[in-house]
Structure formats: C-alpha cells, structure tokens
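S.K.: Please see the structure below; I have some questions.
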C-alpha cells in the first residue's frame, strides 16, 4: 500500500485511528522498499576513470544545459559557471582531489551513484524517490515529495540537494538524463567527454571494461578494484582511480547497503511503535464507548425524572 502527500494529510486528520493506519502503511512501504534489489542485466550506468580525466568540465556545462538548470555563477560574480559542489543548480561536478602527497592530484566526477539498493529510496516516506525496474535509474516524483529531506540525510554520498531558494522547492539530483534515455540517447555528460573519461553503458559491460583496464595496465590504478562493484551494496556508477578512493571523497563502505541496514532498524522501530499506537487506539475506543454509555444513561434518567440531562 502506498501513500501520496494528499492521502497522508487525510489519514493524519482522522486522529488516532488514522495515525495507526499511517504507521501500518509506513511499515508495509518500508518493508517493500528495503527489499534487496538484484542487479538487472539491463541496469545502465557510467564508468568514470579518473586517470584520464583532464578536468575540462565539459560534462558540467552539458549537464546544466540538458537538464534546464540555471548555471551557478555566484563565485564568479555572474561571469561563468563555477559551482563549489553539488547543489540545487548542479547535478554533476568535477572537483580536484589530492593524494597523501599533496603534490599528487586527480580530478573526480561527482553525481548520483544510482545505488543498487538506494538509501534515499528507503528513507523517503512517501515514495517520491523511486528506483526504476527497467534500467535501475533512481528518479524523483514531485507529486509525492513532502520536502522532508530524509533523502539528504540517508544518502551516504551526500547527493540529493534541496532548493531552499524556491517557493515550490524540488529535490535536485542526477537522474542519468532519463529524458534523453527515453529517446534512445545517453546522458549529456558521457556524450560530450572529449577523453571518454566517463562512458555510458549497462552496468555489467562497464564492470567488465573496468576490470579489463586494470588487467591491461598494472600499476596504473592505486587500488586494483572497481569502486561501486560491491561498495555500499553496489552502485551503477563505477570508478577507477590512481589515488585512494577515500581521497576522491568517496566514502568507505562495507558490502551491505545502507538501505539493507536501515531496514533492520525500521523493522525494530515499527515493531515497537505499533504496540503503543495499537494500545492508544484501543484505550480511545474504550473511553468513547464508556462516554457514549454514560450519555445514554443520563438521557434515560432525564426522561424518567423530567429533568434536563445536563445542567
């Protein structure tokens, strides 16, 4: 059972019974959304190889144009696009990373990772964030969003951003240019990259390509593994790097996803929350029944004595 924003407000307005219903719905939704998602062969994604990125930022401009975003020119006094990080105007960014030896540098591309088991989807109480079954892209639905920003808190990569400046704010994040995918195209960032530092394809093909590069170039990559293959349960955006992944700002995660871990916490919370809510509804029903009985008794007595039931 799923709830949208209008349904939630209606249910909450019904009081104790509505609260219990909402909790039950939340339990069902949490259970369904936190179920592990098996990587589909048709799941698409990107492979970013930091060792061949020149930092030209063509992908940043292309992303802004393709998604109808207003360029972030605050730091340049309105002259050129110069975002510091992902924000309400920026879904994709190139940043400079440094190694243990600060003279050693690397560029890093940041955008939504499109996790196999997304924490943002698990954390969204009304299903505004969804993982598509066709290609695995994590999308956002404005009609279901209540602006709680739980997705911002849940995401281990700190990707979703909230439009604080707008009257009707949105959650802003990369959706792999889903409108372009629908027309048979590819994300704008992968299309314009002059060195092919970021490429588009199915996750299975990209993973095979990444491992082939590691095998072909021993010593080129700091860690002979692909970030995102298993990190955080696996992601559809994969990374290769000449620096430690931690230096690129990628969090150190285990193989269990945040969503899977969260589902364990949710099950405990909902389990213990259900008991007091049920008790509350039960006691409210008893009190109402006794009050109605008292009123009936008072009215019958008034009829017998000819006195009003209330003074």
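Residue numbers (the numbering used here): 69 to 379.
Virtual Cβ for every residue (Gly too), placed ideally from N, Cα, C.
Who are the Cβ neighbours of residue 291 in its own chain at under 8 Å, not counting the five residues just before and after it?
M.R.: The answer, listed in chain order, is 309, 312, 313.
S.K.: Give the straight-line distance between the Cα atoms of residue 175 and residue 202, rounded to the nearest whole angstrom.
M.R.: Each residue's Cα considered, the two are about 32 Å apart.
S.K.: Determine which residues share a DSSP beta bridge with residue 174 and list them.
M.R.: Partner(s): 165.
S.K.: Could you check which residue in 271, 244, 307 has the C-alpha nearest to that of residue 258?
M.R.: It is 244.
S.K.: Residues bridged to residue 270 by DSSP?
M.R.: Residue 270 is bridged to 112.
S.K.: Roughly how many angstroms lie between the CA atoms of residue 325 and residue 300, to the nearest whole one?
M.R.: Rounded to whole angstroms, residue 325 to residue 300 spans 4 Å at the Cα level.
S.K.: Three-state secondary structure (DSSP) at residue 307?
M.R.: Three-state DSSP puts residue 307 in a strand.
S.K.: If I measure Cβ to Cβ from residue 237 and keep anything under 7 Å in the same chain, skipping five residues before and after, which residues do I get?
M.R.: Answer for residue 237: 215, 230, 231, listed in chain order.
S.K.: Once DSSP output is grouped into helix, strand and coil, what is the label at residue 313?
M.R.: Helix at residue 313.
S.K.: Does the Cβ of residue 148 have 16 or more other Cβ atoms within 10 Å, making it buried, or fewer, making it exposed?
M.R.: Answer is exposed; the Cβ neighbour count stays below 16.
S.K.: Pull up the distance between the alpha-carbon of residue 255 and that of residue 265, whole angstroms please.
M.R.: So the alpha carbons of these two residues sit roughly 14 Å apart.
S.K.: When the Cα of residue 122 is compared with those of 170, 158, 268, 262, which residue comes out closest?
M.R.: Among 170, 158, 268, 262, the Cα nearest to that of residue 122 belongs to 262.
S.K.: How about residue 111 and residue 271: do their beta carbons lie closer than 8 Å?
M.R.: Yes, the Cβ-Cβ distance between residue 111 and residue 271 is below 8 Å.
S.K.: Kindly identify the DSSP beta-bridge partner or partners of residue 385.
M.R.: No statement about residue 385 is possible, as the shown extent of the chain runs from 69 to 379 and does not include it.
S.K.: Just curious, the beta strand (DSSP E) that residue 197 is in, first and last residue?
M.R.: Its beta strand (DSSP E) spans residues 197-199.
S.K.: Check for me: the alpha helix (DSSP H) holding residue 260 runs from which residue to which?
M.R.: Unbroken alpha helix (DSSP H) run through residue 260: 256-260.
S.K.: Just grab the DSSP bridge partners of residue 206 for me.
M.R.: BP columns for residue 206 point to 199.
S.K.: Do the CB positions of residue 146 and residue 182 come within less than 8 Å of each other?
M.R.: No, the Cβ-Cβ distance between residue 146 and residue 182 is not below 8 Å.
S.K.: Report the option in 246, 217, 170 whose CA atom is closest to the CA atom of residue 386.
M.R.: In the structure displayed, the chain extends from 69 to 379; residue 386 sits before or after that span and is not available.
S.K.: Is residue 218 helix, strand or coil when you go by DSSP?
M.R.: Residue 218 falls in the helix class under three-state DSSP.
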